[in-house]
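Asks:
Number of protein chains: 2
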Amino acid sequence: MNSNPPDSRAARAALTRLIEPGDLTGSALVAVLGPTAALDLICGPEDRIPASLQQAVAETVGTGGTKALKVEAGLERWRPRVRDLAPARDLETMRRLGGGFLTPEDDHWPAKLDALGTAAPIGLWWRGRSESADLDAVRRRIAVVGSRDATEYGIRATHELVAPLVERGAQIVSGGAYGIDAAAHRAALASLTASSGRGQADPTMAVMAGGLDRFYPSGNDDLIRQVADHGIVLAEVAPGTSPTRWRFLQRNRLIAALCDVTVVVEARWRSGALTTARRAAEMGREVGAVPGSVFSANSAGCHRLIAEGAGRVVTRPEDVVEMAGGIERGPAPSASADGRAHDGLDIQDLLLYDALPVRTATTPDNLCRVAGLGIGAVLGGLSRLQSRGLAVQSRAGWTRGGAT
Amino acid sequence: MNSNPPDSRAARAALTRLIEPGDLTGSALVAVLGPTAALDLICGPEDRIPASLQQAVAETVGTGGTKALKVEAGLERWRPRVRDLAPARDLETMRRLGGGFLTPEDDHWPAKLDALGTAAPIGLWWRGRSESADLDAVRRRIAVVGSRDATEYGIRATHELVAPLVERGAQIVSGGAYGIDAAAHRAALASLTASSGRGQADPTMAVMAGGLDRFYPSGNDDLIRQVADHGIVLAEVAPGTSPTRWRFLQRNRLIAALCDVTVVVEARWRSGALTTARRAAEMGREVGAVPGSVFSANSAGCHRLIAEGAGRVVTRPEDVVEMAGGIERGPAPSASADGRAHDGLDIQDLLLYDALPVRTATTPDNLCRVAGLGIGAVLGGLSRLQSRGLAVQSRAGWTRGGAT
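Residue numbers (the UniProt record's numbering), protein chains in the order written: chain Y, 1 to 404; chain H, 1 to 404.
#1: Within the continuous alpha helix (DSSP H) that includes Arg77/Y, where are the two ends?
#2: Threshold first: 3 residues or longer. Then list the beta strand (DSSP E) segments lying entirely within the region 89-121 of chain H, N to C.
#3: Nearest-angstrom Cα distance between residue 411/H and Phe295/Y?
#4: Return the CA-CA distance between Asp181/H and Val264/Y, expressed in angstroms with no decimal places.
#5: State the start and end residues of the unbroken alpha helix (DSSP H) segment that holds Met323/H.
#6: To be precise: take each residue of the region 310-323 of chain Y, compare its Cβ to all Cβ atoms of chain H, and keep it if any distance is under 7 Å. Which residues remain?
#7: List the DSSP bridge partners of Ile142/H.
#8: Note down, in chain order, each residue of its chain lying with its Cβ closer than 7 Å to the Cβ of Ser336/Y, except the 5 sequence neighbours on either side.
#9: Counting pairs of Cβ atoms below 8 Å between the region 345-362 of chain H and the region 244-251 of chain Y, do you hit three or more?
#10: Starting from Arg81/H, find everything on chain Y with Cβ-Cβ shorter than 7 Å and list it in chain order.
#11: Closer than 8 Å, CB to CB, is Leu385/H near chain Y or not?
#12: What residue range does the alpha helix (DSSP H) around Ser299/H cover?
#13: List the residues of chain H that Ile375/Y touches, going by C-beta distances under 9 Å, in chain order.
#14: What in chain H is Cβ-close to Glu20/Y, meaning under 8 Å?
#15: Report buried or exposed for Gly374/Y, applying the criterion of at least 16 other Cβ atoms within 10 angstroms of its Cβ.
#16: Starting from the C-beta of Ile155/Y, find all residues in its chain whose C-beta is less than 6 Å away, skip the five residues before and the five after it, and write them out in chain order.
#17: Please determine, among Val313/H, Tyr216/H and Arg270/H, the residue with the shortest C-alpha to C-alpha distance to residue 407/H.
#18: Nearest-angstrom Cα distance between Ala14/H and Gly98/H?
#19: Report yes or no: is there a C-beta of chain Y within less than 8 Å of the C-beta of Ser394/H?
#20: Look up Ala177/Y in the DSSP assignment and say whether it is helix, strand or coil.
#21: Let me know if Ser132/H comes out buried or exposed under the rule of 16 or more other beta-carbons within 10 Å of its beta-carbon.
#22: Just to confirm the assignment, what range does the alpha helix (DSSP H) spanning Gly123/H have?
#23: Report, in whole angstroms, the separation of the C-beta atoms of Ala292/Y and Arg268/Y, which I expect to be a contact under 8 Å.
#24: Would you say the beta carbon of Ala256/H is closer than 7 Å to some non-hydrogen atom of the ligand ATP?
#25: Grouping DSSP H, G and I as helix and E and B as strand, with all else coil, what is Trp246/Y?
#26: In angstroms, rounded to a whole number, what distance separates the CA positions of Met208/H and Ala73/H?
#27: Let me see if you follow: with CB-CB separation under 8 Å, is Arg140/H close to chain Y or not?
#28: Look at residue 409/H and Ala163/H and say whether their C-beta atoms are less than 8 Å apart.
#29: Do three or more CB pairs link the region 113-126 of chain H to the region 18-31 of chain H at distances below 8 Å?
#30: Pick out whichever of Gly401/Y, Ala377/Y, Val145/Y and Arg48/Y has its Cα sitting closest to the Cα of Leu274/Y.
#31: How would you label Pro239/H, buried or exposed, when you count the other beta carbons within 10 angstroms and need 16 or more for buried?
#32: Ordered along the chain, which non-local residues of its own chain (more than five positions away) have a Cβ less than 8 Å from that of Thr399/Y?
#33: Under 8 Å Cβ-Cβ, which residues of chain H neighbour Ala163/Y?
#34: For a cutoff of 8 Å on Cβ pairs, would you count Leu245/H as touching chain Y?
#35: Pair every Cβ in the region 223-241 of chain Y with every Cβ in the region 104-116 of chain Y, then say whether three or more of these pairs are closer than 8 Å.
#36: I'd like to know whether the C-beta of Tyr153/Y is nearer than 8 Å to at least one C-beta of chain H.
Given below as structure tokens:
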């Protein structure tokens with residue numbers, strides 16, 4: 001039924017002001033009628049909704065006609081805001097601020113948002129580099145989120161995680177908040193000046209809970225402006241909309257949907273970052289959590305995610321690369337195993353190696369007794385150990401070789 | 001075929017000197033012939049093993065007749081040590097040291113070791129309180145193991161984990177090594193003097209890799225003596241046997257088998273503690289790992305266990321209690337959730353709560369617009385919020401109540 005007339009773009013811009021993010025009745029109405037007719041219905045005088053439309057909306061949402069999904073109840077929610085509508089002004093405001101408005105009809109609309117189904121946003125307002133506004137470009141996006149009251153540990157962990165990921169070509173997505181979010185954006189922006197030109201053009205994206213005419217929190221205004229200068233800032237609410245608790249929760253679902261992997265660096269037992277992670281897990285996206293001290297309340301949420309099986313342990317950038325199924329041809333992951341001289345020995349040779357004295361040389365007969373091995377096993381084993389430098393033969397007999 | 005004659009005890013004592021821990025051919029031979037006949041065979045002159053006996057041993061081990069399981073090859077391993085046999089002297093030595101020797105025929109033999117199957121020890125040497133030598137007493141045993149080069153963080157985590165578990169009646173089992181092992185024993189022993197008599201008689205057990213005539217490492221001699229004075233020290237090797245790498249690995253399987261839960265507090269990427277944890281997991285026992293800083297090499301092994309799904313996240317003693325299926329009637333686990341005033345609100349009321357101004361009072365009409373709700377939802381919601389102290393009505397209108 002979506003007829004997508006020429007003014008559907010302005011209609012969607014208007015609808016982002018009327019309908020709260022995640023209001024499934026509203027999204028379903030737009031899906032069923034198309035944006036222009038949906039807007040006409042909301043702005044019109046009609047209070048009675050035909051049963052067939054109600055039925056179609058309920059079916060689109062897919063949960064049957066529960067009370068919360070009644071279109072008539074929706075009209076009650078949406079209509080008090082009609083008087084504030086000025087979509088042309090909003091579009092002009094955003095153009096002036098160096099941005100725009102993306103709709104699902106645009107080529108640059110991110111296909112990843114399809115995972116949200118009916119809960120996908122009606123449109124996306126953006127500010128930033130116009131090249132960065134191709135949200136459907138093939139690109140690994142990694143969400144790095146966490147506590148506002150981050151610890152020094154969390155900040156450091158964020159930087160050490162983000163820098164190598166950006167260097168490999170990932171875009172770091174976060175929410176522009178204080179703490180871990182800010183550290184993630186900063187670490188990504190730092191790549192622009194670091195590593196002698198290996199930095200990439202749009203290393204980071206901020207997804208906001210309020211309108212993009214003003215950045216929240218104001219203390220991060222400079223930082224988020226930098227994100228816009230070198231990357232992109234998104235919101236699904238119209239300019240002038242204030243961030244509320246509900247909109248933060250819904251913003252989190254956007255971050256989860258936009259990213260291949262969501263990593264929580266620090267989070268308290270209850271934390272908005274956990275909702276981002278859970279939304280990502282529900283969508284089948286990879287979720288990671290950085291462990292920390294059991295005495296730090298700011299790691300309790302990360303440990304909770306891991307304990308509940310919702311998040312995998314992330315201790316190194318390579319863990320995220322693996323979860324993302326690769327990012328690009330970066331340097332090979334550094335070897336993490338500290339192999340030892342005696343690795344790979346079979347049991348008998350390990351027994352023999354243990355029995356070999358470090359200083360005073362001994363005889364094969366003696367080694368039989370000490371190691372509890374037959375003479376054949378000892379002679380054969382000594383030869384194998386010798387070839388690996390683990391046993392040394394002198395005139396006095398045998399001693400251990402190599403590092404312990 | 002196990003005839004269990006009167007001298008089977010001395011025979012088992014002898015066999016613990018001849019056969020290395022975990023030597024499945026040896027254990028199977030003992031299972032097939034009984035300890036006395038097995039010892040006679042090893043000490044006798046016969047080199048040729050009847051095919052029927054070889055077959056029975058291979059079937060007992062359950063892996064078919066692979067080369068390593070040939071009884072004739074076993075004789076080559078075991079016979080060089082026959083000249084050192086003196087089981088009566090060993091039993092007397094242990095009696096003199098305040099200990100003894102347990103065999104699977106004893107009532108006090110721990111049934112939990114059945115999980116090892118053929119790899120169960122031939123016997124267990126012990127030193128300690130004779131009351132503590134009832135290893136089959138119904139009692140939760142928790143293994144707490146980890147790095148020798150523990151950090152301050154690991155030591156503290158060990159203490160905070162162990163003390164409440166002991167207070168609830170668990171016995172803490174470890175390996176007597178430096179670092180986490182020592183911290184675990186110490187924390188358990190501390191309960192004897194702490195908590196005004198709520199401490200229990202035998203709070204801890206040490207399982208050693210070498211003979212119990214001398215404690216290893218010597219720097220922990222005093223500590224392990226205290227463990228013996230107030231609990232129990234075990235080994236499956238005869239007195240005078242030195243600890244070797246192989247015996248440490250096999251000792252780890254004993255710790256895993258004896259305990260309901262194995263917790264690794266700190267471990268490097270490769271660490272003996274991980275083998276204990278893996279053996280426990282293979283037996284279907286619960287395994288936990290304490291997370292820590294991603295910058296600490298001593299937590300890398302713990303994170304590895306968790307990442308591989310071999311260990312669950314342990315951040316509090318309650319986690320271990322839960323894994324053990326309870327320990328005894330202890331104090332209820334402390335609530336870990338920091339609930340907030342607005343928890344439990346439905347979506348509409350949460351939207352409304354967010355829309356309520358903190359200072360300047362507002363009208364229901366205004367709230368409709370700000371919250372995006374119909375007037376019915378706003379009036380009903382205000383009433384619900386008011387009843388929870390989350391909305392306050394004055395003559396000027398409505399403001400938010402309660403803590404944010």
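We put the beta carbon where it would ideally sit given N, CA and C, even for glycine.
Note that the structure is a prediction, hence the values are computed from the model and not measured.
Replies: In terms of the structure at hand:
#1: Start at 1 with the first residue of the first sequence, and residue 77/Y comes out as number 77. First-last of the alpha helix (DSSP H) with Arg77/Y: Val71 to Trp78.
#2: 99-102
#3: Not covered by the structure: residue 411/H. The range shown for chain H is 1 to 404.
#4: Residue mapping note: residue 181/H aligns to position 181 of the second sequence, counting from 1. Residue mapping note: residue 264/Y aligns to position 264 of the first sequence, counting from 1. Those two C-alpha atoms are separated by around 32 Å.
#5: As a working mapping, residue 323/H is identified with position 323 in the second sequence. Run containing Met323/H: Pro317 to Met323, per the alpha helix (DSSP H) assignment.
#6: Arg312, Val313 and Thr315
#7: The count along the second sequence starts at 1 and reaches residue 142/H at position 142. Ile172/H and Val261/H, per the DSSP bridge assignment.
#8: Locating residue 336/Y in the first sequence gives position 336, counting from the first residue. Confidence at Ser336/Y is low in this model, with a pLDDT of 37, below 50, so the placement of that residue should be treated as unreliable; the coordinate-derived value is given next. Same-chain partners within the cutoff: there are none.
#9: yes
#10: Working through the second sequence from its first residue, we reach residue 81/H at position 81. Chain Y residues near Arg81/H: Arg369 and Gly372.
#11: Here the question's residue 385/H lines up with position 385 in the second sequence. Not one chain Y Cβ lies under 8 Å of Leu385/H.
#12: If you number the second sequence from 1, residue 299/H lands on position 299. Its alpha helix (DSSP H) spans residues Ala297 to Ala307.
#13: For the purposes of this step, residue 375/Y is identified with residue 375 of the first sequence, where counting begins at 1. Those are Glu76 and Pro80, listed as they occur along chain H.
#14: Along the first sequence, read from residue 1 onward, the residue named residue 20/Y stands at position 20. Going along chain H in sequence order, the residues near Glu20/Y (Cβ under 8 Å) are Leu351 and Gly372.
#15: Position 374 of the first sequence, counted from the first residue, corresponds to residue 374/Y. Buried.
#16: Within the first sequence, the letter at position 155 stands for residue 155/Y. Cβ within range, chain order: Ala183.
#17: A question about residue 407/H goes unanswered here, because the residues of chain H that appear run from 1 up to 404.
#18: The residue you call residue 14/H lines up with position 14 of the second sequence. The residue you call residue 98/H lines up with position 98 of the second sequence. For Ala14/H and Gly98/H, the distance between alpha carbons rounds to 19 Å.
#19: In the second sequence, the residue the question calls residue 394/H occupies position 394. With 8 Å as the cut-off, Ser394/H does not count as an interface residue toward chain Y.
#20: For the purposes of this step, residue 177/Y is taken as residue 177 along the first sequence, with counting starting at 1. Note: Ala177/Y maps to coil in three-state DSSP.
#21: As a working note, residue 132/H is residue 132 in the second sequence. Flag for Ser132/H reads buried.
#22: Counted from its first residue, the second sequence places residue 123/H at position 123. First-last for Gly123/H: undefined, no H or E at that position.
#23: Taking the first residue of the first sequence as position 1, residue 292/Y is located at position 292. Taking the first residue of the first sequence as position 1, residue 268/Y is located at position 268. At residue 292/Y the sequence reads Gly, which differs from the Ala that was named. Wrong, their Cβ atoms sit about 12 Å apart, outside the cutoff.
#24: As presented, the structure is devoid of all ligands, the ligand ATP included, so that no description of it is given.
#25: Counted from its first residue, the first sequence places residue 246/Y at position 246. It is helical.
#26: Translated into the one-based positions of the second sequence, residue 208/H becomes position 208. Translated into the one-based positions of the second sequence, residue 73/H becomes position 73. For Met208/H and Ala73/H, the distance between alpha carbons rounds to 28 Å.
#27: As a first step, residue 140/H is located in the second sequence; it is residue number 140 there, counting from the start. Cβ-Cβ to chain Y under 8 Å: no for Arg140/H.
#28: Nothing about residue 409/H can be reported from this structure: the residues present for chain H run from 1 to 404 only.
#29: yes
#30: For the purposes of this step, residue 274/Y is identified with residue 274 of the first sequence, where counting begins at 1. With distances taken between Cα atoms, Leu274/Y lies closest to Val145/Y.
#31: Walking along the second sequence from the start, residue 239/H turns up at place 239. Pro239/H is buried by the Cβ-count criterion.
#32: The residue given as residue 399/Y occupies position 399 in the first sequence. Leu356, Pro357, Val358, Arg359, Thr360, Ala361, Thr362, Ala391 and Val392, listed in sequence order.
#33: To locate residue 163/Y, count along the first sequence from 1; it is residue 163. Within chain H, no residue comes near Ala163/Y; the closest Cβ sits about 14 Å away, beyond 8 Å.
#34: Counting from one through the second sequence, the residue named residue 245/H turns up at place 245. Correcting the residue type first, residue 245/H is Arg in the shown sequence and not Leu. Yes - at least one Cβ of chain Y is within 8 Å of the one on Arg245/H.
#35: no
#36: Your numbering for residue 153/Y matches position 153 in the first sequence. True, the Cβ-Cβ gap to chain H drops below 8 Å.
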